[in-house]
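Asker: Following this message is one structure expressed as structure tokens.
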Amino acid sequence: MLRRRPVVAFCLSVALLCSAALARTDVPRAHHFFRVELGGAETTPVSGRLLLFVIDAKTAKAQTKDGKVEAVDVDPLNPGQTLVAAREIARLAPGESIDVDADAMTFPAGVAQLAPGDYLVQAVLDADHSYNYTGRGAGDVISDVVPMRLPEAIMPKLSLVKTLPEKDGWTLPPSAPQAMRDAMPLAQKRAESIDFVSPSLSAFWGRPIHMRGLVLVPPGYDPKGKQRFPVVYYTHGFGGGLARFAGPVTTAFAAMEKGEMPPMIWVFLDQSSPTGTHEFADSVNNGPWGKALTEELIPHLESQYHMDGKARGRFLNGHSSGGWATLWLQTRYPKVFGGTWSTSPDPSDFHDFTGIDLYAPNANAYREPDGSAYPLIRDKGKVLATFQQFAQLERVLGGYGGQLASFEWVFSPRGKDGRPQPMFDRDTGDIDPAVVAYWSEHYDVAKRLQEDWPKLKPDLDGKIHVIVGTADTFYLDGSAHRLKTVLDGLHAKAEVRFIPDKTHFDLYVEGDDRSALLKQITREMYAVARPPAEQPKQPKAKHPKSGHKVVATP
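1958 is the number that the working numbering gives the last residue of the sequence shown; the numbers go up by one with no jumps.
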């Protein structure tokens, strides 16, 4: 669902919109303006969304090892900790300055409502409006972190002095174990690029649309041989993308090389887009991504690789938003795939959309019928953030790429302005029943299964596997329970498994093994593609010196 920034991500009342460090005061004050200058970072004019981040100095320093704060940013798991202000910038030339009202478009409040004390401030120009999806990244222009003391008549001046460089996609996080670091170079050699221009998506958008990803071939794969392999189509959660496949690719290859996972071809699909994640859904806003995958990209890949080329050898796996995407693909195209193993999927029954019943009369995304706030993020039973907090922070960070806006780009009808119609009002939380009706008709997985099961059963029975933790961070276990009730009522051969006390982030972990669940899943997949009586003895691994790169156009 939500990003886990290095992904990926969300107390009970309005009073919790601000943490103790950003406490409101009851005394109204004048607006505060920060002057931001484009320093020596760029030699030509820039544009984008200018963001200001303000945090209590003691809080920020306590979160570092040496007390040195090099960046001020939002924490999705504690959204009220950092104040954010925004302004769109059409053009800012080198040496020019612009004023940002830190009491206009802000979250959770304006600077005028901050308590007296010491703060740290940083400015970031989000050049490509991708902050809601990836946070700050390549091409964004940032200032140094500057101290500020309140009350103060004049706000400190900020200078944009550094443009962030492109990051190497084959970089593992500092937490990655040494064994993974040792395995990555060989895994990288075995991963081959996908850059496929989709005819159907290009026709929808009126320009070439590329489908990107990586194909990982297993140890023992011989491009000139005849042995064919089952295929796992994997896609990531919100905040993921092509630049963040190093870990999953290395994990899969290392496990296959050790014999901990069966030999299969892995296709890592990038489902990120400027609007968030398109989730391989056929959408009036994003285009026919499901059709493009099943009718164009998969046949192309099967012509290039020794893939099984039949439903019994095509499998789906994804987590969070990737979990919803793979569940959707399996139920929408049941003849194409032999099974989905979808973990912690985004809501599959809109009676429980992270705890909110979208179908309830006079439904509101912010408030329960008794007036209490709908929580969105929890940890160990403690509410960390509300749905309202996340929605209103997302609005300040930008109009594109946020998790909730991403849902609308996938699920909503198109409005008269060409953009998807909002499912709920960002100010009041009121839910639009007409938009929900459209969501229901097209994308409520449980509803579709219930209504169309006689037609779907011959091709879908036995192919649905959903796994979720009972303590899911984003309350996604609630929707999974509803899905199970529907499947049980249909007497479907399906598995909806709940792992006690597991959250959104540790579902795959067992002891010291961070990919234990993945290994189990792949063994279950392989048993479908290669029933025990049909499984051949595996040859010793061979490692060709080079692979081939897939670059295709229609």
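A virtual CB, placed ideally from N, CA and C, is assigned to each residue, including glycine.
Do you know how far the Cα of Asp1460 is from the Cα of Ala1497?
Answerer: 31 Å
Asker: Can you tell which of Glu1700, Asp1910 and Gly1713 has the C-alpha that lies nearest to the C-alpha of Lys1784?
Answerer: Asp1910
Asker: Since I believe Lys1897 is in contact with Asp1865 (beta carbons under 8 Å), could you give me their beta-carbon distance rounded to a whole number of angstroms?
Answerer: 5 Å
Asker: Tell me which residue opens and which closes the alpha helix (DSSP H) that Thr1926 is part of.
Answerer: Unbroken alpha helix (DSSP H) run through Thr1926: Ala1920 to Ala1933.
Asker: Identify whether Glu1798 lies in helix, strand or coil by the three-state DSSP scheme.
Answerer: helix
Asker: Between the stretch 1759-1777 and the stretch 1695-1711, do three or more beta carbon pairs fall short of 8 Å?
Answerer: no
Asker: Just to confirm the assignment: which complete beta strand (DSSP E) runs, minimum length 3, are found wholly within the stretch 1430-1503?
Answerer: Segments of the beta strand (DSSP E) lying fully in the stretch 1430-1503: 1437-1442, 1450-1460 and 1487-1496.
Asker: Identify which residue in Phe1649, Tyr1770 and Pro1623 has its Cα closest to the Cα of Arg1616.
Answerer: Phe1649
Asker: As a quick exercise: from Ala1884, His1895 and His1755, pick the residue whose alpha carbon is nearest that of Ile1903.
Answerer: Ala1884
Asker: At what residues does the beta strand (DSSP E) containing Arg1852 begin and finish?
Answerer: Note, Arg1852: premise wrong, no beta strand (DSSP E); alpha helix (DSSP H) at Val1849 to Leu1864.
Asker: When DSSP builds the beta bridges, which residues end up paired with Ser1687?
Answerer: For Ser1687, the beta-bridge partners assigned by DSSP are Gly1691.
Asker: Put Arg1428 into one of helix, strand or coil per three-state DSSP.
Answerer: Since pLDDT at Arg1428 reaches only 43, below the 50 mark, its modelled position is unreliable, and the value read off the structure follows with that caveat. Residue state, collapsed to three classes: coil.
Asker: Residues in the same chain with beta-carbon distance under 7 Å from Thr1429, minus the five sequence neighbours each way, listed in chain order, please.
Answerer: Any answer about Thr1429 is weak, because its pLDDT of 42 lies below 50 and its placement is not dependable; what the coordinates show is given next. Correct list, in chain order: Gln1517 and Ala1519.
Asker: Alpha carbon to alpha carbon, how far is Ala1769 from Ile1835? Give it in angstroms, no decimals.
Answerer: Cα-Cα distance, rounded: 6 Å.
Asker: Taking the alpha carbon of Ala1795 as the reference point, which residue from Lys1786, Thr1832, Glu1772 and Gly1775 has its own alpha carbon closest?
Answerer: Thr1832
Asker: Quick check on Glu1845: buried or exposed, where buried means 16 or more other Cβ atoms within 10 Å of its Cβ?
Answerer: exposed
Asker: Taking 8 Å as the cut-off, does the stretch 1600-1618 touch the stretch 1669-1684 (at least 3 CB pairs, one atom from each stretch)?
Answerer: yes
Asker: Among the candidates Val1636, Gly1610 and Pro1612, whose CA atom is the shortest distance from the CA of Pro1622?
Answerer: Val1636
Asker: Whole angstroms are fine: how far does the CA of Ala1647 sit from the CA of Thr1758?
Answerer: 28 Å
Asker: Distance check for Gln1734 and Arg1553, CA to CA, integer angstroms please.
Answerer: Roughly 56 Å between the two C-alpha positions.
Asker: Grouping DSSP H, G and I as helix and E and B as strand, with all else coil, what is Glu1914?
Answerer: strand
Asker: Could you give the residue range of the alpha helix (DSSP H) that holds Leu1780?
Answerer: Counting along the chain, Leu1780 falls outside any alpha helix (DSSP H), though it belongs to the beta strand (DSSP E) covering Pro1779 to Asp1783.
Asker: My output table needs one value for Glu1938: the three-state DSSP class, helix, strand or coil.
Answerer: Correct three-state label for Glu1938: helix.
Asker: Under 9 Å, do Ala1659 and Lys1462 count as touching if we go by C-beta distance?
Answerer: no
Asker: In whole angstroms, what is the alpha-carbon distance linking Ala1920 and Ala1656?
Answerer: 11 Å
Asker: For Ser1676, list the residues DSSP reports as bridge partners.
Answerer: Thr1681
Asker: Is the beta carbon of Phe1878 less than 9 Å from the beta carbon of Leu1780?
Answerer: For Phe1878 and Leu1780, yes; Cβs fall inside 9 Å.
Asker: Thinking C-alpha only, which one of Ala1583, Gln1526, His1533 and Gln1582 is nearest Val1565?
Answerer: Gln1526
Asker: Which one or two residues does DSSP pair with Tyr1869 in a beta bridge?
Answerer: It should be pointed out that residue 1869 corresponds to His in this sequence rather than to Tyr. Beta-bridge analysis with DSSP links His1869 to Trp1745 and Glu1899.
Asker: Rounded to the nearest angstrom, what separates Ile1613 and Gln1792 at their Cα positions?
Answerer: 34 Å
Asker: Count the other CB atoms, across all protein chains shown, that sit within 10 Å of the CB of Ala1587; report buried if there are 16 or more and exposed otherwise.
Answerer: Per the 10 Å Cβ criterion, buried.
Asker: Ser1724 to Ala1557, Cα distance in whole Å?
Answerer: 46 Å
Asker: Taking Pro1738 as the reference, give the member of Thr1698, Gly1471 and Ala1434 with the closest Cα.
Answerer: Thr1698
Asker: Pull up the distance between the alpha-carbon of Asp1821 and that of Lys1628, whole angstroms please.
Answerer: 53 Å
Asker: Apply the 10 Å Cβ neighbour rule to Val1435 and answer buried if 16 or more other Cβ atoms are within range, or exposed otherwise.
Answerer: Checking the sequence shown, residue 1435 turns out to be His, not Val. Per the 10 Å Cβ criterion, exposed.
Asker: Can you round the beta-carbon distance between Ala1489 and Val1504 to whole angstroms, since I take them to be within the 8 Å contact cut?
Answerer: 6 Å
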